[in-house]
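Peer 1:
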Amino acid sequence: MKLVTAIVKPFKLDDVKNALELIGIAGLTVSEVQGFGRQRGHTEVYRGAEYQVDFVPKVRIEVVVGEIEAARVVDAIVEAASTGQIGDGKVWVTTIDEIVRVRTGERGADAL
Amino acid sequence: MVNTGDTAWILTSAALVLLMTPGLALFYGGMVRAKSVLNMMMMSFGALALISVLWVLYGYSFAFGDDVGFGLLGDPTEFFGLAGLMEDVTTEEGGLPAMAFVGFQAVFAIITVALISGAIADRAKFGSWMVFAGIWATVVYFPVAHWVFDFTLTDDDGVVTHTGGWIANELAAIDFAGGTAVHINAGAAGLALALVLGKRRGFGRDAMRPHNLPLVMIGAGLLWFGWFGFNAGSALAANNTAAVAWVNTLVATGAATLAWLLVEKMRDGHSTSLGGASGVVAGLVAITPACSAVSPIGAIVIGAVAGALCALAVGLKFKLGYDDSLDVVGVHLVGGLVGTILVGFVGTAAAPAGVDGLFYGGGVDQLWRQVVGALAVLAYSFVLTLVIGFLIQKTIGFRLTEEDEITGIDTVVHAESGYDFASLGGGGSTAPLAGQARAEARNTEGSRA
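So the protein sequences, as listed, match chains A and B. So that you can map any letter, position 44 of the first sequence is 1199 in my numbering, and since no number is skipped, the others follow by simple counting. So that you can map any letter, position 343 of the second sequence is 469 in my numbering, and since no number is skipped, the others follow by simple counting.
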C-alpha cells in the first residue's frame, strides 16, 4: 500500500478532489498547512512597515491507495493542481506497512 | 436656572465620550498580537475604573477648584469628594448642573490615561500600569486640565468669582476640546514611557502584525462616533458652537483618512485598512483643539495635513529606535501638534472662537500662543512621565520578564487567552467539575490497585 501526499495551492483543492473522485478514490484527508519552497513568502505593509511573511498557506492532501493505483493518483493530482506558475506544490509517495479500519478491524487492502 | 436642553446634550455627550475608551480598547486590542489582546484592552478598562474614582475623590478639585497660584493647580480641598456639588447648583458658566460638567470632564481624564497604554503594548506589568495611571493622572493630567480647561469667571460687575488655569486665561491659547491637554499630553507621555520600558523583544526583527484588523476598524468607528460628544459637547451647550464643531469633526476626519490612504498608495503601493482606521484617528485628534476656531474649509486643511504628516510620522520609531508600539506618538502627539499649531494659521474670526490666524490676517499673535501652549504641555508631560516611569521601574518594576513577555502577557498576567480556536472536545482544556471527577476516578483506581 502507498500513501500519496500532495501539497497544493488552496484554490486547487476542489479540482483535485473532483479529479480523484473521477478515478474512483473512496476517501482522502485534507489539512491546511503553511510553508515555503521556491515561491518563498509575500510582503505585507502595516502603517508603512513592511513585513516579510515567509510561510505561504497551502493544502495538504493525503490518500492511501493500493500499489497499482498510486501512479494514477499522482498523475490525477498533478494534472488537476497544475497552473504552470511557481508555487504549484509537490506530490510524493511513501510505502505503508499496515492499515486498519477502526470500525471492523479489517486490515490491509480490505481496509481501503 | 438649569437649561434642560444643554443639560441633556452634555449628559449625552459625556456618555458618548465614555464609549470612546472601550472603542480605544478595540482599536488598540486589534493592533497587538493575539497573545496580548486582553491585556491591551484591560489597560483601557483599568483606566476607566481607576480614574473615575480618583476624579470624584480629588481629580475634579485639582482641575476645577479655585486656582492656588500662577494658574498651575486647582484647590484640592474645594471640591474634595465633590463636596457641595450635589445640591441643585448650576455651573458658573451657565445653565448646566455642576454634576453634568463633572461627569463630562471625568471621561476626558479617563481616555487621556488610556491613550498612553498604546505605547507600551505587550510588556508592562498590569499592577504597575495601574499604579502609573493613578500617579500620572494626579501629577500630570489633573493639573494640565486645570491649565487648559479651567476658565476664569467674573460676575456681572466684573468681579472675579473663580480663577482658572494659565493656558486658558493668561496665555489665551485656543484648545477647544483637548489637543494639548489630551493628545499632546498623552503622546508625550507615551514617548517617555516607551523609552523607560524599552523595546519589545524582537522589535524591528519579528513581524508584529495586528492580529485582528476588523476589531481595529470597529474601534476607530466607535472613536469617531464618541468624538462628536468630545468635540461638539465641549461647547458645553446645545448651540451653534456645538453644531460648527460637529461638522468640522466630520469633515476633518474624512480629509485626514483620504490623505493617509493617499500617502500609503503613493509610498507603499497599497491603501490599507489599518491606514484608513489610523487616518480617522489622526483627523479626529487634529481637529480637537481647532473645531470651534476654523471654518469647514479650514477643517479640511487641518485634517489633510494631519493625515499626511501622521502617516509619515509613524515610521519614525523604526528610524529612531523607540518602540512606541501602537503609534501614540505618531498619531496623538503629532496630530495634536498639527491641530493646535494650525489654529494659529487657519483660525478665522468668522468661527465661534472668533480669532483670525496668520492666513486670515491675524498675524502671529494667536500662533505664538498656540506654540507656547503646545510645547509647555509637551515638555511638562514628557519630563514628569519619565520621572514617574523610572521610579516605578526602580521600585515595583514595570516590565515583564523575557520569558513572560515571549509566552504572552494574557496567559501570564491575566490567566486567560483571548481566543479559543480549537473546536475538538474541550479544546485541550478541562472544566473544573469534569477535572475533579477525573481526578477522583484516578484516585479510586489507585486505591483499588
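For every residue, glycine included, the Cβ atom is placed at its ideal position computed from N, Cα and C. Computed from a prediction, not measured in an experiment: that's the story for all the values here.
Leaving out five residues on either side along the sequence, give the residues of the same chain with a beta carbon under 8 Å from the beta carbon of Val265 of chain B.
Peer 2: Leu510, Ile514
Peer 1: For a test of the three-state rule: what should DSSP assign to Pro223 of chain B, helix, strand or coil?
Peer 2: Pro223 of chain B: strand per DSSP, three-state reduction.
Peer 1: Measuring CA to CA, which of A:Trp1247, A:Glu1224, A:Gly1196, A:Lys1172 is closest to Pro1212 of chain A?
Peer 2: Out of A:Trp1247, A:Glu1224, A:Gly1196, A:Lys1172, A:Gly1196 has the C-alpha closest to the C-alpha of Pro1212 of chain A.
Peer 1: I want to see whether chain A comes within less than 8 Å of Asp453 of chain B, judged by CB atoms only; does it?
Peer 2: yes
Peer 1: Can you tell me where the beta strand (DSSP E) holding Gln519 of chain B begins and where it ends?
Peer 2: Not the beta strand (DSSP E): Gln519 of chain B falls in the alpha helix (DSSP H), residues 491-521.
Peer 1: Inspect the beta-carbon positions of Gly465 of chain B and Pro415 of chain B and report whether they are closer than 8 Å.
Peer 2: A Cβ-Cβ contact shorter than 8 Å links Gly465 of chain B with Pro415 of chain B.
Peer 1: Compute the Euclidean distance between the alpha carbons of Val1229 of chain A and Val1248 of chain A, then round it to the nearest angstrom.
Peer 2: 8 Å
Peer 1: Under a CB-based cut-off of 8 Å, is Gly462 of chain B close to chain A?
Peer 2: no
Peer 1: Are the CB atoms of Tyr486 of chain B and Val270 of chain B nearer to each other than 8 Å?
Peer 2: no
Peer 1: Could you pull the DSSP bridge partners for Arg1262 of chain A from this structure?
Peer 2: According to DSSP, Arg1262 of chain A bridges with A:Val1255.
Peer 1: Quick one: does Glu1261 of chain A have its CB under 8 Å from some CB of chain B?
Peer 2: Interface residue (Cβ-Cβ distance to chain B less than 8 Å): Glu1261 of chain A is not classified as such.
Peer 1: Are there three or more Cβ pairs, one per stretch, closer than 8 Å when the region 152-172 of chain B is compared with the region 332-342 of chain B?
Peer 2: Look at the beta carbons and you see the region 152-172 of chain B touching the region 332-342 of chain B: at least three pairs across the two are nearer than 8 Å.
Peer 1: In this structure, does DSSP put His396 of chain B in helix, strand or coil?
Peer 2: Three-state result, His396 of chain B: coil.
Peer 1: Would Gly1203 of chain A count as contacting chain B if we go by Cβ distances under 8 Å?
Peer 2: By this cut-off, Gly1203 of chain A is an interface position.
Peer 1: Output, in chain order, the set of chain B residues within a Cβ distance shorter than 7 Å of Gly1200 of chain A.
Peer 2: In the sequence as presented, Gly is not what sits at residue 1200 of chain A; that position holds Val. By Cβ distance, chain B contributes Asp394, His396, Thr398.
Peer 1: Chain A partners of Pro336 of chain B, CB-CB under 7 Å?
Peer 2: Tyr1201
Peer 1: Please report the straight-line C-alpha distance between Gly253 of chain B and Thr521 of chain B, rounded to a whole angstrom.
Peer 2: 13 Å
Peer 1: Compare the C-beta of Gly210 of chain B with all C-beta atoms of chain A and state if any pair is closer than 8 Å.
Peer 2: Closer than 8 Å: no.
Peer 1: Within this structure, are the beta carbons of Leu142 of chain B and Gly447 of chain B separated by less than 8 Å?
Peer 2: no
Peer 1: Considering only residues of the same chain and omitting the five flanking positions on each side of Ala575 of chain B, which have a CB-CB separation below 7 Å?
Peer 2: Its pLDDT being 46, under 50, Ala575 of chain B is placed unreliably by the model, and nothing is read from it.
Peer 1: Is there a Cβ from chain A that is less than 8 Å from the Cβ of Phe444 of chain B?
Peer 2: Yes, Phe444 of chain B lies at the interface with chain A (some Cβ there is under 8 Å from its Cβ).
Peer 1: Can you say whether Ile1241 of chain A is buried or exposed, counting buried as having 16 or more other CB atoms within 10 angstroms of its CB?
Peer 2: Burial state of Ile1241 of chain A is exposed, judged by a 10 Å Cβ sphere holding fewer than 16 other Cβ atoms.
Peer 1: Per DSSP, what kind of secondary structure is Ala306 of chain B in: helix, strand or coil?
Peer 2: According to the sequence displayed, residue 306 of chain B carries Thr and not Ala. In the structure shown, Thr306 of chain B adopts helical secondary structure according to DSSP, grouped into three states.
Peer 1: If you reduce the DSSP assignment to three classes, tell me which class Gly1179 of chain A lands in.
Peer 2: coil
Peer 1: Distance, Cα to Cα, Phe356 of chain B vs Asp332 of chain B?
Peer 2: 37 Å
Peer 1: Which stretch, first to last residue, makes up the alpha helix (DSSP H) that contains His272 of chain B?
Peer 2: 268-275
Peer 1: Would you say Tyr267 of chain B and Val239 of chain B are within 8 Å of each other, going by their C-beta atoms?
Peer 2: Contact flag set, yes.
Peer 1: List the residues of chain A that Ser404 of chain B touches, going by C-beta distances under 7 Å, in chain order.
Peer 2: Arg1202
Peer 1: Would a check of beta-carbon distances place Val1257 of chain A closer than 8 Å to chain B?
Peer 2: no
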